[in-house]
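Data block below; observations after.
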Amino acid sequence: MELLQRLHYFSTLDMIAIFTLATAWIGIGWRIEHSNAKSPSVSTLMAHYRREWMTQFISREPRVFDANILGNLRQSTTFFASTSMIGIGGGLALIGNKDQLLGVARDLSLESAPALVWEVKILVVILFLANGFLKFVWSHRLFGYCAVLLASVPNDANDPACIPRANMAAEINITAARSFNRGLRSVYFALGALAWLLGPIALLIATTLTIFILWRREFASQSRSVLMIKDP
């Protein structure tokens with residue numbers, strides 16, 4: 323009963339907006355990760371090049387170049403994980419200070435609502451950031467696994483364990499990249515969810531804009547056009 327009493331602070335449009343946000347987040351992620359061969363996403367195309375990377379790695383000497391690439395990938399996951407943590411901390415600090423929270427709310431909106439409403443809106447942002455943080459941490463760990471697998475690949479291309487281990491490293495690398503991309507999408511939607519502070523209409527507009535940005539970068543960007551070029 324108490325939960326139902328609290329829900330009345332949110333309008334039907336609020337419910338539609340937050341449902342649209344969640345559906346869009348899940349939907350665009352599924353579309354990107356399950357794109358077909360006729361219209362592959364950048365993530366799908368990069369998975370092919372990650373496998374090709376591990377194939378070239380077998381015969382590359384020395385292998386310091388590959389280690390440097392993995393190191394850079396792990397640094398990227400660390401950076402975004404740290405950024406997510408800062409965002410989470412800021413959100414929790416704002417929720418913990420109701421006077422400051424209500425002050426921010428008055429600056430952003432003309433409507434008067436109890437602190438609970440603003441806490442819930444910020445909590446949605448925190449949840450997206452928390453999901454992103456967990457994805458970045460897991461991606462960082464998987465890239466570490468990939469580094470170990472690369473180190474286990476024999477230097478002799480004729481060794482029977484060479485190709486299977488390189489293939490294993492490729493799949494772990496792809497899984498790490500998938501987790502990293504999921505974390506990035508969570509950050510995108512966390513930024514979009516901030517618009518809810520301005521009202522449900524603003525949230526619907528921000529959700530649409532976020533979907534458009536993600537779709538364009540995965541299916542209509544210049545980088546995708548370059549990746550689509552066939553080898554001679």
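This note's numbering numbers the first residue of the sequence shown as 323 and each following residue consecutively. Idealized CB from N, CA, C, for every residue including glycine. Only a predicted model underlies this, so the values are computations on that prediction, with no experimental measurement involved.
Residue i - DSSP class collapsed to helix/strand/coil
| i | result |
| --- | --- |
| residue 376 | helix |
| residue 382 | coil |
| residue 477 | coil |
| residue 332 | coil |
| residue 360 | coil |
| residue 550 | coil |
| residue 483 | coil |
| residue 339 | helix |
| residue 539 | helix |
Unbroken alpha helix (DSSP H) run spanning residue i, endpoints
| i | result |
| --- | --- |
| residue 396 | 386-418 |
| residue 519 | Looking at the DSSP string, residue 519 is not in any alpha helix (DSSP H), and its letter there is neither H nor E. |
Whole-angstrom C-beta distance between residue j and residue i, which should lie under 8 Å
| i | j | result |
| --- | --- | --- |
| residue 332 | residue 406 | Their Cβ separation, rounded to whole angstroms, is 26 Å, which puts residue 332 and residue 406 out of contact at 8 Å. |
| residue 540 | residue 398 | Not confirmed; about 18 Å, so no contact. |
| residue 380 | residue 365 | With 8 Å as the limit, residue 380 and residue 365 do not qualify as a contact, their Cβ atoms being about 24 Å apart. |
| residue 417 | residue 441 | 5 Å |
| residue 444 | residue 411 | No, residue 444 and residue 411 are not in contact; Cβ-Cβ is about 12 Å, not under 8 Å. |
| residue 514 | residue 343 | 7 Å |
Same chain, Cβ closer than 8 Å to residue i, neighbours up to 5 away in sequence not counted
| i | result |
| --- | --- |
| residue 535 | 510 |
| residue 516 | 447 and 528 |
Residues of its chain near residue i, where Cβ-Cβ distance is below 6 Å and the 5 sequence neighbours each way are ignored
| i | result |
| --- | --- |
| residue 454 | 406, 505, 508 and 509 |
| residue 339 | 522, 525 and 526 |
| residue 518 | 443 and 525 |
Own chain, CB closer than 7 Å to residue i, minus 5 neighbours either side, in chain order
| i | result |
| --- | --- |
| residue 492 | 372, 373 and 376 |
| residue 403 | 455, 458, 459 and 462 |
| residue 503 | 365 |
| residue 498 | 461, 464, 465 and 468 |
| residue 494 | 464, 467, 468 and 471 |
| residue 294 | No information on residue 294 is available, as it lies outside the stretch 323 to 554 that the chain covers here. |
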